[in-house]
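*Asks:* Before I ask anything, let me first share the structure, which is written out below as structure tokens.
Chains as they are written, first to last, in the numbering used here: chain A, 248 to 576; chain B, 95 to 395; chain C, 47 to 382.
Here it is as structure tokens:
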């Protein structure tokens with residue numbers, strides 16, 4: 248992994264939102280959606296990001312594509328700071344695209360499929376000639392497995408899976424390098440989900456795309472990713488190769504997450520590792536490890552300090568004091 | 095990638111027939127036609143417009159021809175079908191020409207108010223923050239001012255005349271349009287497809303006019319249709335107060351005003367003009383409701 | 047254990063749309079026994095939710111039950127009067143919906159909602175109802191139930207709301223609980239908690255559970271028997287272990303194959319079912335699956351396959367899976 252080219256580097260990224268208080272005179276509080284996230288995305292790989300709702304995985308995706316401005320920290324794309332403003336920014340825009348979760352609301356209901364796929368090329372003036380643009384639209388529709396005859400149909404005339412294909416075709420029309428996929432298959436039925444996952448795989452091979460694939464479904468993430476980052480309450484708690492996460496999960500949260508997944512067969516009986524209680528609120532400042540209140544291995548130190556991601560074995564990083572080498576000494 | 099359609103023993107023709115049937119069922123015009131009250135409204139509206147357009151052909155007399163010998167003739171007698179007014183002018187002719195005036199003013203005012211209101215609502219909803227606050231407080235101020243007073247004020251400043259009446263009523267309509275559009279813009283701009291456009295690099299102007307504006311069309315059309323009805327009433331009220339269309343040009347409002355003085359002796363003057371206003375307003379409202387049902391399937395039932 | 051509670055025979059529910067008649071549920075029969083968990087699996091549009099709404103008689107106006115019978119404890123549910131239905135819905139059969147946040151009324155405290163239920167269905171006095179409600183909240187594992195009793199739904203998390211709904215179903219001593227995707231809106235760790243809770247309560251009360259889901263993992267975990275629905279019909283029904291070990295219908299195979307599993311090879315193409323589910327207005331004249339089925343034969347386009355019992359308790363509706371012919375999973379399609 249180490250000799251690969253770093254496409255996107257996320258350095259100490261934090262994002263907090265102000266939560267307005269309705270009561271007069273009470274100051275607004277901070278909701279820490281992301282705190283000190285460090286990640287690297289290599290060219291051509293798929294980085295899976297998994298976590299439960301509210302863990303900040305979507306915020307991370309939206310920071311990468313520039314829908315949110317980070318509170319602190321830096322994003323580096325191909326070695327230079329990522330910024331979407333200015334003439335250079337417009338060029339960067341074309342390189343980073345996003346696929347959204349909801350195939351119903353992410354397409355303008357009043358534009359035809361052809362217009363939707365064509366629009367990015369109009370905005371960026373990549374293809375000036377109208378006939379050529381139409382040709383390219385047909386080509387893209389073929390690539391994602393849509394019938395080119397349907398260019399004049401409106402989004403509501405397509406099924407969920409087909410709409411997601413339109414979304415993908417739209418993103419591909421700019422020939423991006425990096426595709427941020429925010430739960431792209433979670434709104435789809437199982438049989439359709441498999442079709443779309445296969446499409447993602449095929450496109451990666453064909454165009455050498457890099458994916459940041461966000462999902463809450465561990466089996467989907469494991470299927471499509473090369474490396475997986477597990478997030479909890481705005482922090483990356485474990486980062487490792489896709490196989491490692493299943494074979495040797497280190498962080499107590501990862502272990503609990505794995506044990507909570509329904510069994511793969513009726514003959515399999517799982518050992519339940521239960522985390523007590525709910526995910527704590529991300530509002531206000533927190534001290535110590537985010538999992539401290541629910542973790543069965545919690546110590547005094549966990550309540551005082553926040554563990555950092557440290558490398559255990561090759562490429563397998565975990566943020567937990569259980570694996571702290573200093574303590575072991 | 096051709097998909098096999100599930101047909102089984104159903105023949106190709108039957109399948110095609112079903113698809114045709116579905117297209118028809120989903121077609122906006124057919125949906126509208128299934129709604130009986132909307133169709134009634136549409137018929138009324140068409141009749142009203144026809145009345146106005148064909149007034150020169152349909153009128154048996156010149157609407158301004160004074161005949162002092164035949165004042166206050168009752169309806170359905172003699173040569174004047176709907177009777178005559180205080181100056182012996184033919185009421186039917188005046189009502190037909192009045193339809194022309196009323197509808198021109200109502201549609202003109204709605205279009206004027208609509209265009210300004212849509213622009214303000216679009217800017218206000220999309221920009222948010224201070225811009226939104228300033229625009230909406232001004233709109234609130236206009237709201238708080240009674241509409242009639244506002245129109246009186248404007249007409250007093252600008253003077254009477256068809257265009258000034260349109261301007262006065264139109265400006266009075268601006269805040270309502272601005273509100274309707276603004277709320278829809280706020281909903282739409284937070285939809286995922288607007289985020290998608292931002293990521294694709296679309297400029298704010300492009301997002302506003304190419305994506306958000308078309309998505310407000312259904313609300314605007316519904317509201318505008320309903321608004322034409324109330325604009326007819328506004329015009330009538332202004333003319334009734336003597337501030338609208340100037341005598342002797344007929345409009346439903348000033349015909350009604352003319353009938354006010356002789357309610358006991360010649361009630362038909364006020365009755366027919368009032369009835370027409372009533373029917374026209376109902377017609378536009380029914381059409382507006384019908385369009386809303388077609389545009390917004392969720393509202394149905 | 048074998049006491050029959052709910053019996054549905056040849057249920058047909060059609061939606062009468064302007065463009066045609068959609069056969070949402072087209073001849074479904076099944077039985078539910080005391081203490082049993084029946085899983086219903088299918089994709090969206092397979093009719094599983096409509097069927098569950100028929101069972102509890104909560105159907106939208108456009109849909110109508112055109113044929114069939116639903117028997118609860120031997121009584122004909124379809125002939126119930128409005129008043130009998132009130133009692134039936136609360137006391138005999140309870141429903142848990144997919145979205146816990148929207149199935150509680152947001153303007154009332156959860157305690158008031160629970161007490162109202164108890165007072166209507168069990169005729170309890172206020173003080174007594176409160177006691178029962180708090181007890182029920184405690185039994186579903188809500189910490190500090192006395193305080194939560196006063197909370198509004200928005201003050202609770204999704205998992206907590208779902209527990210409250212389960213508690214409501216429980217304190218009316220419902221004998222059948224129909225759960226329509228009860229954990230789909232919840233996170234995995236919370237899902238595991240809720241499922242464990244349902245299992246525990248079922249053991250204690252002996253209620254029958256009808257669990258509608260699209261997640262096969264949940265079925266493996268929870269159910270005794272499972273029904274696979276496709277386009278308004280049952281295509282296969284069997285005991286859970288039989289279905290996993292020896293699925294018979296090509297659609298079931300496709301469903302099993304298209305789930306990425308944690309043990310399968312990564313990054314390989316998943317086996318998929320080509321195409322999309324049929325238009326429900328066109329179904330009912332042939333095998334509904336034939337256009338996506340790699341094993342389809344001419345007969346599949348001509349006749350509707352009957353649900354036949356091939357092995358004890360294992361029923362399947364496929365022309366190519368009958369006593370005279372058997373098809374093996376993964377066998378070459380044979381029609382190109």
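For glycine and all other residues, C-beta sits at the position ideal for the given N, C-alpha and C.
Count the other CB atoms, across all protein chains shown, that sit within 10 Å of the CB of residue 514 of chain A; report buried if there are 16 or more and exposed otherwise.
*Replies:* The residue is exposed, with fewer than 16 neighbouring Cβ atoms inside 10 Å.
*Asks:* Under the DSSP definition of a beta bridge, which residues are partnered with residue 167 of chain C?
*Replies:* Answer by DSSP bridge pairing: none, since residue 167 of chain C is not bridged.
*Asks:* Please confirm whether residue 305 of chain A has its beta-carbon closer than 9 Å to some beta-carbon of chain B.
*Replies:* No, residue 305 of chain A does not count as interfacial toward chain B.
*Asks:* Helix, strand or coil for residue 522 of chain A? Go by DSSP, reduced to three states.
*Replies:* The answer is coil: DSSP assigns residue 522 of chain A none of H, G, I, E or B.
*Asks:* Would you kindly work out how many angstroms separate the C-alpha atoms of residue 166 of chain B and residue 181 of chain B, rounded to a whole number?
*Replies:* Each residue's Cα considered, the two are about 8 Å apart.
*Asks:* What would DSSP say about residue 361 of chain C, mapped onto helix, strand or coil?
*Replies:* Here residue 361 of chain C sits in strand by DSSP.
*Asks:* Given this structure, state the Cα-to-Cα distance separating residue 379 of chain C from residue 302 of chain C, to the nearest angstrom.
*Replies:* Bear in mind that the predicted position of residue 379 of chain C carries a pLDDT of just 48, short of 50, making it unreliable; the figure below should be weighed with that in mind. Rounded to the nearest angstrom, the two C-alpha atoms are 17 Å apart.
*Asks:* Starting from residue 260 of chain A, follow its DSSP beta bridges and name the residues at the other end.
*Replies:* Answer is A:284, bridged to residue 260 of chain A.
*Asks:* Could you give the distance in angstroms between the alpha-carbon of residue 369 of chain C and the alpha-carbon of residue 57 of chain C?
*Replies:* In a straight line, the C-alpha of residue 369 of chain C is about 26 Å away from that of residue 57 of chain C.
*Asks:* Report the CB separation of residue 437 of chain A from residue 260 of chain C in whole angstroms; it is logged as a contact under 8 Å.
*Replies:* With 8 Å as the limit, residue 437 of chain A and residue 260 of chain C qualify as a contact, their Cβ atoms being about 6 Å apart.
*Asks:* Could you pull out every unbroken beta strand (DSSP E) segment of at least 3 residues lying fully inside the segment 221 to 271 of chain C, listed in chain order?
*Replies:* Counting only runs of 3 or more, we get 222 to 226, 254 to 259.
*Asks:* Which whole runs of the beta strand (DSSP E) in the segment 139 to 216 of chain C are 3 residues long or more, in chain order?
*Replies:* With a minimum length of 3 residues, the continuous beta strand (DSSP E) runs that stay inside the segment 139 to 216 of chain C are 139 to 142.
*Asks:* Among B:270, B:288, B:173, which one has its Cα closest to the Cα of residue 317 of chain B?
*Replies:* Per the Cα distances, B:270.
*Asks:* Using a C-beta cutoff of 9 Å, does residue 271 of chain C count as contacting chain A?
*Replies:* Residue 271 of chain C does not count as touching chain A.
*Asks:* Would you mind listing the beta strand (DSSP E) stretches within the segment 417 to 470 of chain A that are 3+ residues and don't spill past its ends, in chain order?
*Replies:* Listed in chain order, the complete beta strand (DSSP E) runs (minimum 3 residues) inside the segment 417 to 470 of chain A are 425 to 429, 457 to 462.
*Asks:* Using a Cβ-Cβ distance under 9 Å, would residue 287 of chain A count as near chain C?
*Replies:* So no, residue 287 of chain A is outside the interface.
*Asks:* Counting pairs of beta carbons, one from the segment 303 to 320 of chain B and one from the segment 239 to 248 of chain B, are three or more of them closer than 8 Å?
*Replies:* With the cut-off at 8 Å, the segment 303 to 320 of chain B and the segment 239 to 248 of chain B do not touch.
*Asks:* For residue 504 of chain A, return the contacting residues in chain C, with the cut-off set at a CB-CB distance below 7 Å.
*Replies:* Simply 234, 235.
*Asks:* Exposed or buried, which one is residue 123 of chain B when buried takes at least 16 other CB atoms within 10 Å?
*Replies:* The residue is exposed, with fewer than 16 neighbouring Cβ atoms inside 10 Å.
*Asks:* Hey, would you say residue 341 of chain B sits closer than 9 Å to residue 329 of chain B, going by beta carbons?
*Replies:* No. Outside cutoff.
*Asks:* By the DSSP assignment, the beta strand (DSSP E) with residue 484 of chain A in it spans what residues?
*Replies:* Residues 482 to 488.
*Asks:* In chain A, which residues lie with their C-beta within 7 Å of the C-beta of residue 312 of chain C?
*Replies:* Here the neighbours are 469, 470, 489.
*Asks:* Taking 9 Å as the CB-CB limit, is residue 393 of chain B close to chain A?
*Replies:* With a pLDDT of only 45 at residue 393 of chain B, under 50, the local geometry of the prediction cannot be trusted, and no value is derived from it.
*Asks:* What does DSSP give as the partner residue(s) for residue 77 of chain C in the beta ladder?
*Replies:* DSSP lists C:53 as partners of residue 77 of chain C.
*Asks:* In the DSSP output, which residue or residues are listed as bridge partners for residue 282 of chain C?
*Replies:* The partner list for residue 282 of chain C (beta bridge, DSSP) reads C:274, C:362.
*Asks:* Residues in the same chain with beta-carbon distance under 7 Å from residue 269 of chain C, minus the five sequence neighbours each way, listed in chain order, please.
*Replies:* So the qualifying residues of the chain are 83, 84, 85, 257, 286.
*Asks:* Using the beta-carbon of each residue, which ones in chain B are nearer than 9 Å to residue 413 of chain A?
*Replies:* Chain B residues near residue 413 of chain A: none, gap ~11 Å exceeds 9 Å.
*Asks:* Taking 9 Å as the CB-CB cut-off, is residue 436 of chain A touching chain C?
*Replies:* Interface residue, yes.
*Asks:* Verify the CB distance criterion: does residue 519 of chain A have a CB-CB separation below 9 Å to chain C?
*Replies:* Closer than 9 Å: yes.
*Asks:* Quick one: what's residue 354 of chain B bridged to in DSSP?
*Replies:* In the DSSP output, where bridge partners are listed per residue, residue 354 of chain B has none listed.
*Asks:* Can you tell me whether residue 208 of chain B is helix, strand or coil according to DSSP?
*Replies:* Helix, per DSSP.
*Asks:* Kindly say whether residue 94 of chain C, judged by its beta-carbon, lies nearer than 9 Å to any beta-carbon of chain A.
*Replies:* Residue 94 of chain C does not count as touching chain A.
*Asks:* Is the CB-CB distance between residue 202 of chain C and residue 179 of chain C below 9 Å?
*Replies:* No, these two residues do not count as a Cβ contact at 9 Å.
*Asks:* What are the residues that DSSP puts in a beta bridge with residue 323 of chain A?
*Replies:* Beta-bridge pairing links residue 323 of chain A to A:256, A:328.
*Asks:* Please classify residue 478 of chain A: does DSSP put it in a helix, a strand, or coil?
*Replies:* Residue state, collapsed to three classes: strand.
*Asks:* Quick one: what's got a C-beta closer than 8 Å to residue 327 of chain C's C-beta in the same chain, skipping five residues either side?
*Replies:* Cβ within range, chain order: 63, 65, 66, 67, 68, 69.
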